[in-house]
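The next block holds one structure in the form of structure tokens; read it before the comments.
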Amino acid sequence: EPEVTQTPSHQVTQMGQEVILRCVPISNHLYFYWYRQILGQKVEFLVSFYNNEISEKSEIFDDQFSVERPDGSNFTLKIRSTKLEDSAMYFCASSEGQGSYEQYFGPGTRLTVT
Amino acid sequence: GENVEQHPSTLSVQEGDSAVIKCTYSDSASNYFPWYKQELGKRPQLIIDIRSNVGEKKDQRIAVTLNKTAKHFSLHITETQPEDSAVYFCAAITAGAGSYQLTFGKGTKLSVIP
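Residue numbers (this note's numbering), protein chains in the order written: chain E, 65 to 178; chain L, 9 to 122.
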């Protein structure tokens, strides 16, 4: 069964550094998402992406964040200058779209900002 | 925007008993309500979902009910087993601009006592 994959599983970075989190969505899916989950809290929406552009973004997704689909398979989240409060689990998800709402999540990247 | 409330935050049941988790939502335009199971350190896993044109859906020991008028939906797990122990999140789709961001509840930690 196809699954969303993410790399790395754990990323440790210093405050102010740039990080890039990578995702490979399910191959026939058209919609891609990033969510984050601070330890012990609920999952929060960051951004959705369709047809090579951002469809929606939340208040969390400020100018420090960007997303990109650099090729036909990868979907990346970049944080330009990390802050301590960016420490969280970041999940990528994808869905088929076209009336199919089911979103399937990747295993996550745990980002630790020191 | 959409707001999803989930209760209880923790739930302990004896193995074999039933468990019920309840959620309410605020946006009457929401039309898709998935439930995710998250084991410690793992990805949220879609376990069942329901659309707004359906009142109830079952899949083996799991069922979900939806009351559109009252804007609440519930997850029912019968004959609970220790492997059902996890955090369960309800969510609602807030559709917009051709994409579908999930708004999650805060989660219910279910413990099934052998």
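C-beta: ideal position from N, C-alpha, C; glycine also. From a predicted model like this one, the values you see are computed outputs, not experimental measurements.
Looking at the C-beta of residue i, does it have a partner C-beta in chain E at a distance below 8 Å?
{"i": "residue 69 of chain L", "result": "no"}
{"i": "residue 115 of chain L", "result": "yes"}
{"i": "residue 29 of chain L", "result": "no"}
{"i": "residue 101 of chain L", "result": "yes"}
So residue i contacts chain E; which residues on that side make the cut at Cβ distance below 8 Å?
{"i": "residue 111 of chain L", "result": "109"}
{"i": "residue 33 of chain L", "result": "Those do not exist, as residue 33 of chain L stays about 14 Å from chain E at its closest Cβ, beyond 8 Å."}
Chain L partners of residue i, CB-CB under 8 Å?
{"i": "residue 142 of chain E", "result": "Ordered by position in chain L, no residue passes the 8 Å Cβ test against residue 142 of chain E, which lies about 20 Å from the chain."}
{"i": "residue 106 of chain E", "result": "97, 112, 113, 114 and 115"}
{"i": "residue 80 of chain E", "result": "The contacting residues do not exist; residue 80 of chain E stays about 28 Å from chain L at best."}
{"i": "residue 159 of chain E", "result": "108"}
Within 8 Å (strictly less), CB to CB, does residue i reach chain L?
{"i": "residue 169 of chain E", "result": "yes"}
{"i": "residue 154 of chain E", "result": "no"}
{"i": "residue 166 of chain E", "result": "yes"}
{"i": "residue 130 of chain E", "result": "no"}
{"i": "residue 136 of chain E", "result": "no"}
Can you list the residues of chain E that residue i reaches, using a CB-CB cut of under 9 Å?
{"i": "residue 123 of chain L", "result": "Any question about residue 123 of chain L goes unanswered here, given that chain L covers just 9 to 122."}
So with CB distances below 9 Å, who are the chain L contacts of residue i?
{"i": "residue 163 of chain E", "result": "Neighbours of residue 163 of chain E on chain L: none; closest Cβ ~10 Å, over 9 Å."}
Closer than 7 Å by C-beta to residue i: which residues in its own chain qualify, once you throw out the five before and the five after it? Chain order, please.
{"i": "residue 24 of chain L", "result": "87 and 88"}
{"i": "residue 86 of chain E", "result": "70, 71, 138 and 140"}
{"i": "residue 114 of chain L", "result": "14 and 17"}
Spatial neighbours of residue i within its chain, please: CB distance less than 8 Å, with the 5 preceding and 5 following residues excluded, ordered by chain position.
{"i": "residue 21 of chain L", "result": "27, 88, 118, 119, 120 and 121"}
{"i": "residue 82 of chain E", "result": "142, 143, 144, 145 and 146"}
{"i": "residue 46 of chain L", "result": "52, 53, 94, 95, 96, 97 and 115"}
{"i": "residue 176 of chain E", "result": "74, 75, 76, 77 and 151"}
Going along the chain, which residues of its own chain have a beta-carbon closer than 6 Å to the beta-carbon of residue i, five neighbours each way excluded?
{"i": "residue 100 of chain L", "result": "10, 12, 33, 38, 41 and 111"}
{"i": "residue 66 of chain L", "result": "none"}
{"i": "residue 95 of chain E", "result": "114, 159 and 161"}
Quick check for students: name the residue ranges of the beta strand (DSSP E) that lie wholly in the region 75-132 of chain E, counting only runs of 3 or more.
83-88, 95-101, 107-114, 117-121 and 129-132
Contact set between the region 47-58 of chain L and chain E, restricted to residues whose Cβ is under 9 Å from the partner
49, 50, 51, 52, 53, 54 and 57
Along the chain, which unbroken stretches of the alpha helix (DSSP H) at least 4 residues long are found entirely within the region 132-175 of chain E?
none
Unbroken stretches of the alpha helix (DSSP H), 4 residues or longer, contained in the region 59-88 of chain L
none
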